[in-house]
Amino acid sequence: MPVSPVLKKLAGRAAALPLPRDYYAGAAVRELPQPDNIVVFARTRRRQLFHGSTTRRQHHHHRYVLILNLRTEATACVDQSLLPGRPGEALLVHPHQFHHYRDVAADRVCWVFVTFELAPPAWLAAWRDEWRTVPEEGWGCVERLLAAWPEARSDAGAARKAGGELALLLCLLGGAGAASGMAARAGAVAGAAARAMASSTLNRVNARLAAAPGRMHSVKALATELGFSESHLRRVFREETSLSLGRYLRERRMARAMALLREPGASVSSVARECGFETIYAFSRSFRQATGLPPRGYRKQVVGRA
5 MPVSPVLKKL AGRAAALPLP RDYYAGAAVR ELPQPDNIVV FARTRRRQLF
55 HGSTTRRQHH HHRYVLILNL RTEATACVDQ SLLPGRPGEA LLVHPHQFHH
105 YRDVAADRVC WVFVTFELAP PAWLAAWRDE WRTVPEEGWG CVERLLAAWP
155 EARSDAGAAR KAGGELALLL CLLGGAGAAS GMAARAGAVA GAAARAMASS
205 TLNRVNARLA AAPGRMHSVK ALATELGFSE SHLRRVFREE TSLSLGRYLR
255 ERRMARAMAL LREPGASVSS VARECGFETI YAFSRSFRQA TGLPPRGYRK
305 QVVGRA
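If you want my numbering, it's the 1-based position in the sequence shown plus 4.
As structure tokens, this is what we get:
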């Protein structure tokens with residue numbers, strides 16, 4: 005019986021393996037990612053990147069978001085960073101990071117979104133606010149993940165396969181090798197991002213929010229600080245970001261509240277004051293509307309995942 009080319013290739017590699025020095029001590033495999041509660045979907049038109057969800061919670065939540073750019077350059081805005089991305093690259097948005105998109109180069113896009121929950125390994129924390137080039141082996145993982153996904157909700161075997169491919173993809177993209185391979189790309193992007201940030205209304209708005217986070221929660225107050233009329237500031241901000249300024253301020257306010265609630269020892273009343281709410285009741289009502297949870301319930305949920 006003829007030997008297949010694959011088996012022949014593997015036999016050559018196997019024959020070259022060195023003998024173990026110790027048959028009971030091997031390579032330690034620690035902190036292997038175990039993504040759970042996975043959701044996979046795609047956006048194929050520019051408008052879907054801006055209006056893909058009808059909920060108020062689409063821009064910040066407790067899940068990881070892996071974005072795979074298959075077609076069309078665009079900029080991801082993550083917290084206060086502008087991150088230009090190209091086809092063939094991937095971006096990992098961490099839980100509770102405020103994120104949206106701008107400067108989409110064409111109407112036809114193809115971005116794959118993989119959202120999931122994860123007790124993150126320490127090495128994955130270094131992959132933050134950075135597009136990384138997906139290696140050829142990584143695209144194989146993506147292909148198998150997409151093939152398994154249609155059956156994953158109803159078939160446990162397909163779900164395990166999808167989770168395994170996602171775990172391997174995170175290992176390929178999240179390691180030190182992937183980071184070092186992005187050095188030249190990061191240098192090229194940094195100049196463009198810095199120039200965009202220097203002149204953008206978004207940067208000026210973020211600077212004022214950082215300087216006075218408890219006061220800059222209304223468009224009127226922000227416009228006064230920046231020397232604009234409310235209508236002009238709203239218009240320019242929407243032109244640059246495709247977002248409503250009022251919504252952006254609400255989202256940023258809630259993102260700050262969530263970050264403060266994750267800090268040990270911070271009380272709900274102190275977080276409410278820090279975020280400019282006049283009463284704890286107004287804060288709790290707004291927080292529940294934005295996240296679906298009361299502040300104490302959110303803190304309990306986050307601590308339970310830690």
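The beta carbon of each residue, even a glycine, is placed where N, CA and C say it ideally should be.
C-beta atoms of residue i and residue j nearer than 8 Å
{"i": "glycine 89", "j": "leucine 95", "result": "yes"}
{"i": "serine 288", "j": "proline 298", "result": "yes"}
{"i": "glycine 161", "j": "proline 39", "result": "no"}
{"i": "histidine 221", "j": "glycine 301", "result": "no"}
{"i": "leucine 213", "j": "threonine 245", "result": "no"}
{"i": "glutamate 93", "j": "threonine 137", "result": "yes"}
{"i": "phenylalanine 120", "j": "leucine 170", "result": "yes"}
{"i": "glycine 142", "j": "leucine 177", "result": "yes"}
{"i": "alanine 126", "j": "glutamate 267", "result": "no"}
{"i": "leucine 265", "j": "arginine 303", "result": "yes"}
{"i": "alanine 276", "j": "isoleucine 284", "result": "yes"}
{"i": "glycine 250", "j": "valine 223", "result": "yes"}
{"i": "tryptophan 135", "j": "leucine 173", "result": "no"}
{"i": "serine 204", "j": "aspartate 133", "result": "no"}
{"i": "histidine 66", "j": "alanine 263", "result": "no"}
{"i": "valine 44", "j": "leucine 122", "result": "no"}
{"i": "alanine 259", "j": "phenylalanine 102", "result": "yes"}
{"i": "proline 9", "j": "leucine 128", "result": "no"}
{"i": "arginine 49", "j": "aspartate 111", "result": "yes"}
{"i": "leucine 230", "j": "arginine 256", "result": "no"}
{"i": "alanine 227", "j": "serine 233", "result": "yes"}
Residues bridged to residue i (per DSSP)
{"i": "asparagine 73", "result": "Glu93 and Trp115"}
{"i": "aspartate 40", "result": "Glu121"}
{"i": "tryptophan 153", "result": "BP columns for tryptophan 153 are empty, so no partner."}
{"i": "leucine 87", "result": "Ala80"}
{"i": "tryptophan 127", "result": "Beta-bridge pairing links tryptophan 127 to no other residue."}
{"i": "arginine 219", "result": "DSSP lists no partner for arginine 219."}
{"i": "tryptophan 135", "result": "Leu95"}
{"i": "tyrosine 28", "result": "Bridge partners of tyrosine 28: none, in fact."}
Simplified DSSP assignment, three categories, for residue i
{"i": "cysteine 81", "result": "strand"}
{"i": "threonine 1", "result": "Nothing can be reported for residue 1: it is not among the residues displayed for the chain, which extend from 5 to 310."}
{"i": "serine 9", "result": "As written in the sequence, residue 9 is proline, which differs from the serine given in the question. Three-state DSSP puts proline 9 in a helix."}
{"i": "proline 298", "result": "coil"}
{"i": "alanine 198", "result": "Caution applies to alanine 198, whose pLDDT of 45 falls short of 50 and renders its modelled position unreliable; the value that the coordinates give is listed next. Helix."}
{"i": "arginine 277", "result": "helix"}
{"i": "alanine 192", "result": "For alanine 192, the predicted structure reports a pLDDT of 47, less than 50, and the residue's modelled location is therefore unreliable. A value from the coordinates is still provided. Helix, per DSSP."}
{"i": "tyrosine 105", "result": "strand"}
{"i": "tyrosine 252", "result": "helix"}
{"i": "tyrosine 285", "result": "helix"}
{"i": "arginine 260", "result": "helix"}
{"i": "lysine 304", "result": "helix"}
{"i": "threonine 59", "result": "Residue confidence for threonine 59 is low, a pLDDT of 45 falling below 50, so the modelled location carries little weight; the figure read from the coordinates is stated next. Residue state, collapsed to three classes: coil."}
Chain B within 8 Å of residue i, Cβ atoms only
{"i": "arginine 300", "result": "Absence of chain B from the displayed structure is noted, only one protein chain being present."}
Would you call the region 116-127 in contact with the region 69-78, where contact means no fewer than 3 C-beta pairs closer than 8 Å?
Result yes; three or more Cβ-Cβ pairs closer than 8 Å.
Touching by the beta-carbon criterion (3+ pairs, under 8 Å), the region 97-111 and the region 23-42
no
contact_flag[the region 227-240, the region 261-281] where n(CB pairs < 8 Å) is 3 or more
In this structure the region 227-240 does not touch the region 261-281; the number of beta carbon pairs closer than 8 Å is below three.
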